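Numbering (mature numbering (1 follows the signal peptide of the UniProt record, and there is no 0)), first residue to last: -17 to -1, 1 to 188.
Printed below as a string of structure tokens:
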């Protein structure tokens, strides 16, 4: 056998071995890449679930910070402005604190009282002259409206999450509860007729 033929066989063997090693290396890289992708996906999923749980727990904790009932808040409003019709009751978060914002009126003026829903402290009061087109407005009949708790239960049947903010208002002579329901990744506003409990509108952000 000639030296040239022997050299050719050796060269071919070396080339084949190199290809096999390259294939193994490629498979290992692919396997590591797939493994890395799966691990990254698992980490991302775990973070998402943790974030959701934390936000839902935070929402529940914030809800528990409402120590002042609506009736108690209205009593504090009446201490400042007695015998006024009630136009609107807001219970909303401001700087991680729940605040009642109660608006009332008479024939001449509109009155506002802001109250810390945790401590019961009156934060500020305000009054201003009533606009002419507001003289014929009707106040909320609180004896006929459903409670905030009942409005929350209705809202949560039509939206995923926990009720976090509430507004009771008179709109075109219709008394409405507007409830904001919050979950980990979305907010939903649910409007409910505060007298007959009918859901009027559901809007997702």
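Where a beta carbon is used, it is the ideal one built from N, C-alpha and C, also for glycine.
No experiment lies behind these values; they were computed from the predicted model shown.
- Residue 95 is positioned such that its CB atom lies closer than 7 Å to that of residue 86.
- Where residue 181 is concerned, there is no enclosing beta strand (DSSP E), because DSSP gives it neither an H nor an E.
- The region 89 to 160 is shown to contain whole alpha helix (DSSP H) runs of 4 or more residues at 131 to 140, in chain order.
- In this structure, residue 56 sits away from residue 128, with a CB-CB distance that is not shorter than 7 Å.
- In the DSSP assignment, residue 68 falls within the beta strand (DSSP E) that extends over 68 to 77.
- Within the same chain, 48 and 50 come within 6 Å of residue 101 by CB-CB distance, once the 5 residues on both sides are set aside.
- Contact annotation: residue 151 and residue 98 have beta-carbon atoms that are not nearer than 7 Å.
- Around the CB of residue 181, fewer than 16 other CB atoms lie within 10 Å, so the residue is classed as exposed.
- Rounded to whole angstroms, residue 185 and residue 132 show a C-alpha spacing of 18 Å.
- In the displayed model, residue 84 falls within a strand according to three-state DSSP.
- Distance between residue 91 and residue 70, taken at the CA atoms: about 14 Å.
- About 12 Å separates the Cβ atoms of residue 173 and residue 147, ruling out a contact at the 8 Å cut-off.
- When DSSP states are grouped into helix, strand and coil, residue 62 belongs to the helix group.
- Rounded to whole angstroms, residue 62 and residue 145 show a C-alpha spacing of 32 Å.
- Rounded to the nearest whole angstrom, the CA to CA distance from residue 149 to residue 118 is 26 Å.
- Nearest to residue 169 by alpha-carbon distance, out of 115, 158, 187 and 162, is 187.
- DSSP, reduced to helix, strand and coil, places residue 170 within a strand of the structure shown.
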